[in-house]
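**Q** Mapped onto the working numbering, the consecutive letters of the sequence shown carry residue numbers 136 to 505.
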Amino acid sequence: MTYDAIVVGGGLAGSAAAAHLARRGHAVLLLERIRFPQHRLCGEFLSGETQDLFARLGVLDDVQRAGAVSIRTATLTALSGGVFHQPLPAPALGLSRYALDPLLFHHAARLGATVREGAPVRRIERDGDGFAVSTDDETFRARHVVGAWGKRSGLDGSMQRSFVRQTTPWVGFKAHFEGDDLEDGIELHAFDGGYVGMSRVEHGRTNVCWIASKSVLAAAGGSPEAMLDGPMRRNPHLAARLGRMRRVSERFEAVAQVTFALKGTDADGVTMLGDTAGMIAPVAGDGMAMALHAAELAAPLIDGYLAGRFCRDDLHRVYAARWRQRFGLRLRLGRMLHALYVRPHTADAALRAARAVPQVGRWVMRNTRG
Ligand SMILES: Cc1cc2nc3c(=O)[nH]c(=O)nc-3n(C[C@H](O)[C@H](O)[C@H](O)COP(=O)(O)OP(=O)(O)OC[C@H]3O[C@@H](n4cnc5c(N)ncnc54)[C@H](O)[C@@H]3O)c2cc1C
Numbered sequence: 136m137t138y139d140a141i142v143v144g145g146g147l148a149g150s151a152a153a154a155h156l157a158r159r160g161h162a163v164l165l166l167e168r169i170r171f172p173q174h175r176l177c178g179e180f181l182s183g184e185t186q187d188l189f190a191r192l193g194v195l196d197d198v199q200r201a202g203a204v205s206i207r208t209a210t211l212t213a214l215s216g217g218v219f220h221q222p223l224p225a226p227a228l229g230l231s232r233y234a235l236d237p238l239l240f241h242h243a244a245r246l247g248a249t250v251r252e253g254a255p256v257r258r259i260e261r262d263g264d265g266f267a268v269s270t271d272d273e274t275f276r277a278r279h280v281v282g283a284w285g286k287r288s289g290l291d292g293s294m295q296r297s298f299v300r301q302t303t304p305w306v307g308f309k310a311h312f313e314g315d316d317l318e319d320g321i322e323l324h325a326f327d328g329g330y331v332g333m334s335r336v337e338h339g340r341t342n343v344c345w346i347a348s349k350s351v352l353a354a355a356g357g358s359p360e361a362m363l364d365g366p367m368r369r370n371p372h373l374a375a376r377l378g379r380m381r382r383v384s385e386r387f388e389a390v391a392q393v394t395f396a397l398k399g400t401d402a403d404g405v406t407m408l409g410d411t412a413g414m415i416a417p418v419a420g421d422g423m424a425m426a427l428h429a430a431e432l433a434a435p436l437i438d439g440y441l442a443g444r445f446c447r448d449d450l451h452r453v454y455a456a457r458w459r460q461r462f463g464l465r466l467r468l469g470r471m472l473h474a475l476y477v478r479p480h481t482a483d484a485a486l487r488a489a490r491a492v493p494q495v496g497r498w499v500m501r502n503t504r505g
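1. Could you check whether the Cβ of tyrosine 440 sits closer than 8 Å to any Cβ belonging to chain D?
2. Between aspartate 410 and ligand 3, is the CB less than 7 Å from at least one heavy atom?
3. Note down the Cα distance separating alanine 433 from arginine 369, rounded to an integer number of angstroms.
4. Do you know how far the Cα of isoleucine 346 is from the Cα of proline 479?
5. Which of the three DSSP states, helix, strand or coil, is assigned to serine 350?
6. Buried or exposed: valine 250, going by 16 or more other Cβ atoms within 10 Å of its Cβ?
7. Give every residue of the same chain whose Cβ lies closer than 8 Å to the Cβ of alanine 402, excluding the five residues on either side of it in the sequence, and list them in chain order.
8. Taking C-alpha atoms, which residue in Ala310, Gln392, Gly217 lies nearest to phenylalanine 298?
9. Are there three or more Cβ pairs, one per stretch, closer than 8 Å when the stretch 360-374 is compared with the stretch 446-460?
10. Per DSSP, what kind of secondary structure is valine 331 in: helix, strand or coil?
11. Taking 8 Å as the threshold (C-beta atoms), are serine 182 and aspartate 421 in contact?
12. Assuming alanine 104 is part of the alpha helix (DSSP H), what are its boundary residues?
13. Is tryptophan 284 near ligand 1, judged by its Cβ being under 7 Å from some heavy atom?
14. Check whether the Cβ atoms of isoleucine 206 and serine 334 lie closer than 8 Å to each other.
15. For valine 405, is the classification buried or exposed, using 16 other Cβ atoms within 10 angstroms of its Cβ as the cut-off for buried?
16. Taking 7 Å as the line, does the beta carbon of serine 182 fall inside it for any heavy atom of ligand 1?
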């Protein structure tokens, strides 16, 4: 059989795209590398706009039933002890990716998408006007392919996407902790060379997720435990929090080569969504919303292409313009905030400026999300 669309990657962007396309009556195949549920590296903070995105997708009730907690305030701290605290522009949610990812994946299946877990895609090739998509065991055919495989995959290399040749210094870690209550707030603590987000998730747990330069990791002896006990505790607020918490995850999730490069909204005829097109710096806490949003932007255009209303080039021209218009400013602001927040003196200056002129802090928070 030839599918209308194959979606590669069943994270937020891929599952949402498959759901939107299946709901429009298309024959969709969603291929996911891993088997759910699994813990994923992520801050697990779902910015306010996700509530509307979940509602339009038809999963807001499921997300709430899965134990999502409400988050209403943000506290930012610097190594110097400086603090900036303010309400979020809209109530956000906290839910683990362990709970969220399978929920979205199975929602796509309920709407009619054919889904496969444990099916890593190895090759995407042109096949006439359509595509042949191969896993280890099978080759599937489709009229169109959506790329939603996240930050980095072997597929980026085989498609010769230029960002693959650039190396980056950024590594990330995450684990769940218990023992202290963040109430309804998210916290972002800066340390020298990185920052850590603490966000409540279901079952009274706190997700602790950080990004840092690999030189900080090397100086701490190469282990996330040593980073937590060493350079990160030089921030007094962070040291106080960590002192009251204990890790409940057996191991840390880790990622290297994190990039904030713009990767392109299409390549070789494939429509790219979420991190596959470009990831916002985690300091903004908006990557998951952008992934869901990109699926919502692309779905009607892919639908128009499949219905023969316009050609693939037009689909990609319009999608690229809408993507830039929707996400361009927040991506630039995210990169700027990241650069400020990983250096102690600029992080401190930024928090002092935000305290002195709270409108600036509010403007930045509003404009790093939809
Ligand atoms: C340190 C850090 C902290 C972050 N914190 C937050 C936060 O608090 N809030 C927030 O909103 N965002 C955060 N983000 C960003 C957020 O995690 C991403 O933007 C979001 O997950 C993007 O969703 P996605 O669907 O594009 O990719 P993913 O969620 O990565 O999904 C990609 C999927 O594709 C699958 N896949 C990969 N290769 C293949 C293949 N070859 N074949 C089949 N499937 C494949 C993967 O297994 C995965 O399921 C953070 C990022 C980092 C690095």
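The beta-carbon is built from N, C-alpha and C at its ideal position, and this holds for glycine as well.
**A** Working from what's here:
1. Any reference to chain D falls outside this structure, which holds one protein chain only.
2. Ligand 3 is absent from the structure shown, which contains only ligand 1.
3. 44 Å
4. 15 Å
5. helix
6. buried
7. Gly282, Met294, Arg296
8. Gln392
9. no
10. strand
11. yes
12. Because the chain here runs from 136 to 505, residue 104 falls outside it and cannot be looked at.
13. yes
14. yes
15. buried
16. yes
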